[in-house]
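Trainee:
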Amino acid sequence: MESIAQRLMRNEYFAEIYEHLWRPTFTRLFSLGGRSTADFDRALRAYLARPGDRLVLDVACGPGNYTREIADALTGKGRCIGIDFSAPMLARAAQTNAVDRAAFLRGDAHALPFADNTFDVVTCLAALYLIPDPLPVVDELVRVTAPGGEIVVFTSVRTPLTSLPGVRPLAGASGYRIFDDHEIVERFRRAGLDEVEQTITGQGQYVLARKRDPNGTQDRAADQKDR
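Per our numbering, residue 35 is the first one in the sequence shown, and the count goes up by one each step.
Here is the structure:
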């Protein structure tokens with residue numbers, strides 16, 4: 035049985051308002067109307083949208099707003115691929131966020147249709163908390179990231195507010211998952227990543243992880259120069 039969140043993501047009318055109305059409002063709600071999450075999000079977008087010859091995968095891309103921003107800044111043979119399970123979201127992405135270096139694909143985040151060690155950067159932003167059985171998705175993010183590459187996740191986290199009685203069951207009933215403090219970090223570490231950084235802001239967390247290069251060669255993602 036689909037959750038409320040899953041039904042919304044499949045709704046064509048919701049897809050139309052998601053990028054410019056729902057997403058900014060939801061980001062502010064993470065800081066209870068404050069600006070901390072929005073400010074961190076702005077800095078992260080600038081970091082992800084830096085110039086470079088990178089291959090980037092945006093998992094659960096929705097209407098493709100992050101995908102487009104990242105793709106617009108890439109240089110050389112750089113490309114950003116957005117993947118999502120929702121046909122209405124992808125239709126909206128093709129309509130509003132199609133740029134030369136962006137491509138959109140329908141697929142399941144639990145079984146990403148890419149070979150191991152493919153991407154320099156893999157993102158999953160403001161989506162993991164809506165995906166059923168999300169922890170195997172974290173493993174997939176690691177699998178498709180190239181040695182030396184980086185993974186960036188923004189999702190929910192347990193806080194004093196979300197730990198209040200009844201909050202987590204209510205959120206879960208709607209299809210929204212609140213992750214424990216170190217659940218995502220530990221999943222990355224169990225997958226073999228030892229460079230994991232977590233920033234908690236408001237009711238959300240940003241987790242940046244890097245996949246070790248076993249050959250000790252220079253970090254592919256860090257080595258991308260402005261071309």
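For each residue, glycine too, the CB sits at the ideal point set by N, CA and C. None of these values were measured; they are calculated from a predicted model.
(1) For ARG211, which three-state DSSP category applies?
(2) Do the CB positions of VAL241 and VAL191 come within less than 7 Å of each other?
(3) For the alpha helix (DSSP H) holding SER70, just list the boundary residues, first then last.
(4) In or out: GLU129 buried (at least 16 other Cβ within 10 Å) or exposed?
(5) Rounded to whole angstroms, what's the CA-CA distance from MET123 to ASP167? Just pull it up for me.
(6) Do you know how far the Cα of ARG102 is from the Cα of ASP215?
(7) Tell me, please, whether the region 112-122 touches the region 76-94 by the rule of three or more beta-carbon pairs shorter than 8 Å.
(8) Roughly how many angstroms separate the alpha carbons of ALA160 and ASP228, rounded to a whole number?
(9) Ends of the beta strand (DSSP E) at TYR240?
(10) Tell me whether VAL155 sits in a helix, a strand or coil according to DSSP, three-state version.
(11) According to DSSP, is ASP247 part of a helix, a strand, or is it coil?
(12) Going along the chain, which residues of its own chain have a beta-carbon closer than 6 Å to the beta-carbon of THR82, five neighbours each way excluded?
(13) Assuming ASP154 and VAL90 form a contact by the criterion Cβ under 8 Å, report the distance between their Cβ atoms to the nearest whole angstrom.
(14) Decide if ASP173 is buried, meaning its Cβ has at least 16 other Cβ atoms within 10 Å, or exposed.
(15) Determine the burial state of THR233: buried for a count of at least 16 other Cβ atoms within 10 Å of its Cβ, exposed for fewer.
(16) For ASP173, does the three-state DSSP call read helix, strand or coil?
(17) In angstroms, rounded to a whole number, what distance separates the CA positions of ASN131 and TYR210?
(18) Can you name the residues that DSSP bridges to ARG224?
(19) Whole-angstrom Cβ separation of GLY182 and ASP247, contact assumed at under 8 Å?
(20) Among the candidates ALA125, ALA145 and PHE148, whose CA atom is the shortest distance from the CA of PHE138?
(21) Taking C-beta to C-beta, are THR189 and VAL156 nearer than 7 Å?
(22) What are the boundary residues of the alpha helix (DSSP H) that includes ARG102?
(23) For ARG113, which of helix, strand or coil comes out of DSSP?
Mentor: Looking at the atomic coordinates:
(1) In the sequence shown, residue 211 corresponds to position 177, counting from 1. The answer is coil: DSSP assigns ARG211 none of H, G, I, E or B.
(2) Along the sequence shown, read from residue 1 onward, the residue named residue 241 stands at position 207. Along the sequence shown, read from residue 1 onward, the residue named residue 191 stands at position 157. Contact: no.
(3) Against the sequence shown, residue 70 aligns to sequence position 36. Note, SER70: alpha helix (DSSP H), 70-82.
(4) Here residue 129 refers to the residue found at position 95 of the sequence shown. Inspection of the sequence shows that residue 129 is occupied by Gln rather than by Glu. By the 10 Å Cβ count, GLN129 comes out exposed.
(5) On the sequence shown, residue 123 is found 89 positions in, with the first residue counted as 1. On the sequence shown, residue 167 is found 133 positions in, with the first residue counted as 1. Rounded to whole angstroms, MET123 to ASP167 spans 21 Å at the Cα level.
(6) Residue mapping note: residue 215 aligns to position 181 of the sequence shown, counting from 1. Residue mapping note: residue 102 aligns to position 68 of the sequence shown, counting from 1. Those two C-alpha atoms are separated by around 31 Å.
(7) yes
(8) On the sequence shown, residue 160 is found 126 positions in, with the first residue counted as 1. On the sequence shown, residue 228 is found 194 positions in, with the first residue counted as 1. When rounded, the distance between both Cα atoms is 23 Å.
(9) Working through the sequence shown from its first residue, we reach residue 240 at position 206. 238-244 is the span of the beta strand (DSSP E), which, as asked, contains TYR240.
(10) By 1-based counting over the sequence shown, the position of residue 155 is 121. DSSP places VAL155 in strand when its eight states are reduced to three.
(11) Taking the first residue of the sequence shown as 1, we reach residue 247 at position 213. Note: ASP247 maps to coil in three-state DSSP.
(12) Stepping through the sequence shown from its first residue, residue 82 is reached at position 48. One point to set straight first is that residue 82 is Leu, not Thr, in the sequence displayed. Taken in chain order, the residues that qualify are ILE104.
(13) Position 120 of the sequence shown holds residue 154. Position 56 of the sequence shown holds residue 90. About 7 Å; that satisfies the 8 Å criterion.
(14) Position 139 of the sequence shown, counting from 1, holds the residue named residue 173. Result: exposed.
(15) Residue 233 sits at position 199 when you count from the first residue of the sequence shown. It is exposed - the Cβ of THR233 has fewer than 16 other Cβ atoms within 10 Å.
(16) Residue numbering aside, residue 173 sits at position 139 when the sequence shown is read from its first letter. Helix at ASP173.
(17) Here residue 131 refers to the residue found at position 97 when the sequence shown is read from its first residue. Here residue 210 refers to the residue found at position 176 when the sequence shown is read from its first residue. Their Cα atoms are separated by approximately 26 Å.
(18) Residue mapping note: residue 224 aligns to position 190 of the sequence shown, counting from 1. Partner(s): none; ARG224 has no beta bridge.
(19) As a working note, residue 182 is residue 148 in the sequence shown. As a working note, residue 247 is residue 213 in the sequence shown. 4 Å between Cβ atoms; contact.
(20) For the purposes of this step, residue 138 is identified with residue 104 of the sequence shown, where counting begins at 1. Measuring from the Cα of PHE138, the nearest candidate turns out to be ALA125.
(21) The residue given as residue 189 occupies position 155 in the sequence shown. The residue given as residue 156 occupies position 122 in the sequence shown. Against a cut-off of 7 Å, the Cβ pair of VAL156 and THR189 comes out as no contact.
(22) What you label residue 102 is simply residue 68 of the sequence shown in a count that begins at 1. Counting along the chain, the alpha helix (DSSP H) containing ARG102 begins and ends at 99-107.
(23) One-based indexing of the sequence shown puts residue 113 at position 79. Strand.
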